[in-house]
Every structure is written in C-alpha cells, then in structure tokens.
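See below for the structure under consideration.
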Amino acid sequence: MPPRILELRQSLLEKNDQLARALRSRFLAAGLLAVNLVSSPGAGKTALLEVTLTRMRSQGWRVAALVGDLATTHDAQRLQRSGAPVRQIETGTLCHLEADLVARRLEGWTLDELDFLFVENVGNLVCPADYDLGESARVVLLAATEGEDKPRKYPPLFHSADLALITKMDLAAAVAFDSAAAVASLQAVAPHAAILETSARSGLGIDSWIDWLVDRRRQHEKTAPA
Amino acid sequence: MHELSIACNLVETADAAARTAGASRVRVVRLQIGAIAGIVEEALRFSFPIAAANTLLAQAELVVVPVPVQIYCAACDQPHTLEPPYVLRCPRCQSPANRLLHGRELQIESIEIEESPEVEDATAYP
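The listed protein sequences correspond, in order, to chains A and B.
The numbering of the first sequence is our numbering, which starts it at 1111 and goes up by one.
The numbering of the second sequence is our numbering, which starts it at 1346 and goes up by one.
Laid out in structure tokens, this is it:
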C-alpha cells in the first residue's frame, strides 16, 4: 500500500498548553494572579520572594509560593519563615517546571483564599521559556552581577517575560554594572517588557515591584468572568 | 536540555495519530521549529531515536523545517524577517517590534505513514 501523509499541525507542547489553559481559568475564577519567576540559578529569585512575601503579607495580601528545584527543600524552608503557605516542587532531573507539576502541587490549597501565587521556576535561562504554567505574568530576573548582555545571549526566555527585574542592585557599583547597557539589552529582546531595578537586601524597588503586581492583578480581575 | 521531553511529546502525539489512522509504521515526521523556540535541532535529533524506540516511529526519518523570525512593524505597516542575533527592532526603521509573527513555532506538521495491509483471512481459499 502506498504511504499516506497525515496533516497534524499540532503544537509539540499541546499537552502542557492544555493543562496550562485549565490552570489559568482556575486562577482567573479564583481572582488569583499567578506569577512565574524565571532566571538563571543564583539571580536572586528566592531572596526576592522572601522580602516580597513578608512585605505583601504585612499589607494584608494573601500570598503563597511554589518553589521548583532539582533537589532539596532549602528554598521552601527559607520562604516558609515569611509565614506564607509554601511548597517545594522537587523536579528530580527535570530542568524546568511543567503545568502538570504545578497542578499536582496545588492540591489541597483553596485558591479562592489567595490573591497571589508565585511560582519560582527552576534556575535555567533556556528550558522554562517554552512551558506555560498557567501564569498571568512572567517575570524574569537579571542580576547586576550576571553582566549586562545576558538578555541578548538568551533571547527566548527574556522575550517571553512581561517584566524584567534587575536584581542585586546593591552590588552594582562593586561589579561596575552598567545599568543603561542592561536596559538596552533587555529592550532589544523584550521591547514590550517593563523594567525595574531592585535589591532584596536594601529594599530598593521592592515597593515598585509590589505596585506592579497589584496593578497587574487589578487588570487581570477585569478580564475575569463575572 | 529539554529536547528529550520534547522528543517524547513528539513521539507520543505522532504514534497516537498513526495508530488511529491504522498505520503499521511512520516513515517521516515533519516538524516546524522556530529560530527562537529554544530548541537545539542536534539535541532533538540525538533524543529522537531514544524516544521513538518500540513505537511506530522507530525507523522514522525526522525532517525539520526551520522557521525564521518574523516581526510586524507597526511604523512600516509591514512584516520583516530578522537575522541573528534577533534584536527585536524593525530592520528598516529601527522602531521596537512588539509583535512577533513567527519564530517560536514548535509544531508537528505532518507524518507520512504506511498503512497495514488488509489482514488476510487465513481460512479463505485462494
């Protein structure tokens, strides 16, 4: 019998995308803003979350976090000190989080009782770019210590972000960080993304970052079904 | 290095489609991969036979159609194709490009299948 061609035209990420869409509807219905935090390892995701969770809780926001790493529950333990509900996702050898892992780790949490859910992705500047976790905001961190041109070296991940945070600004002078050059390289690959300079240690920019989140959640509420 | 998970998704999807169509094997799988999809073709090719073992795709040829990065420039009111290193600006007027038309594709286009021959009735006389 002669060979036959079947047109499929199907995304290779269809399974993940479907799960992510289902999660996004659940988040929207619960009035919850889900934020996917991505960066290279050591860019300061956990330090940023520590100060963010603590400060937002003191302002009365109901916040929670899921933290992805290949191994250990160190990050979850650090974040639990804020008093917020925190769970670790140990991925084993997987280099990124997938929607399925997020969905499974959410079991037992009542989403209606939360305003913000932070998902700290595995530190990796390549693989997490392709995986939608159902988030309504993707935030990429670029540490001042990493060098100004990282975004140009890893365009897909930076391109996928809604907001870029330049972290560890307290170390900027020590490493002769050129802020204007970093902003130019972020704008080159992610012209749509907002950019903020922060320091979890000094508190620089943390209020602006929280304002951005609160504003984002407000916009997101408008799109939610009544 | 998430090419192995991508290869597994690819094999799972193509194998299911081929089985539904009654195929005995898949000869060719055609993919579209965008230039900034974050997939390394060599790594995908390395992972593919591992993912395809013991499926209808075990002997299949992998054809990758690369998709260049294309942006839409609102100022020029035109699409433009970009060259690496993919600075998202209009190559003609330099205004920032907020709309990416192509380049993130990660898609199975089609599969070429061989259908199972009609099962012959062994009890029938020739």
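Every residue gets a Cβ at the ideal spot worked out from N, C-alpha and C, and that includes glycine.
Within chain A, the residues placing a beta-carbon under 9 Å from that of B:S1455 are I1115, L1116, E1117, L1118 and R1119, ordered along the chain. Collapsing the DSSP output to three states places B:T1358 in a helix.
DSSP places B:F1391 in the helix class (H, G or I) of the three-state scheme.
Separation of the CB atoms of A:V1285 and A:T1255 is rounded to 5 Å, and the pair is thereby assigned contact status at 8 Å. Among the residues facing chain A, B:P1430 is included, as its CB has a counterpart in that chain under 8 Å away. Annotated three-state conformation of A:F1287 is coil, per DSSP.
The contact set of B:P1436 on chain A, defined by CB atoms closer than 8 Å, is empty, because the minimum CB distance reaches about 13 Å. Under the three-state reduction of DSSP output, A:I1276 falls in the strand class. Put simply, the backbone Cα of A:K1278 is about 51 Å away from that of B:L1401. Contact between A:V1229 and A:L1147 holds: their C-beta atoms lie close to 7 Å from each other, under 8 Å. For B:Q1439, the closest alpha carbon among the candidates B:L1427, B:D1360, B:H1447 and B:I1453 is that of B:L1427. Take A:D1240, set aside five residues on each side of it, and the residues of its chain with a beta-carbon closer than 7 Å to its own are L1123, in chain order. C-alpha of A:A1157 to C-alpha of B:V1432: approximately 31 Å in a straight line.
Nearest C-alpha to A:D1242 among A:A1271, A:P1265, A:D1225 and A:E1217: A:A1271.
Within the model, the alpha-carbon separation for B:E1348 versus A:Q1169 is close to 43 Å. For A:D1179, the enclosing beta strand (DSSP E) starts and ends at V1173 to D1179. Within the DSSP secondary-structure output, B:V1373 pairs in a beta bridge with B:E1406 and B:E1457. CA-to-CA, the gap between A:Q1187 and A:V1324 works out to about 26 Å.
Residue pairing by DSSP puts A:S1121 in a beta bridge opposite B:Q1452.
If you draw a straight line from the Cα of A:A1283 to the Cα of A:Q1128, it comes to about 45 Å. Per the C-alpha coordinates, the member of B:T1358, B:L1389, B:Q1377 and B:Q1415 positioned closest to B:V1371 is B:T1358. Taking C-beta separations shorter than 8 Å and ignoring five residues to either side along the sequence, the partners of A:P1265 in its chain run V1299, following chain order. The beta carbons of A:E1258 and A:D1288 sit closer together than 8 Å. Closest in C-alpha terms to A:K1260, from the list A:R1134, A:T1203, A:E1331 and A:I1276, comes A:I1276. In this structure, B:Q1415 sits near B:P1424, with a CB-CB distance shorter than 8 Å. Taking the Cα of A:L1221 as reference, the smallest distance to any Cα among A:R1134, A:D1321 and A:V1293 is reached at A:R1134.
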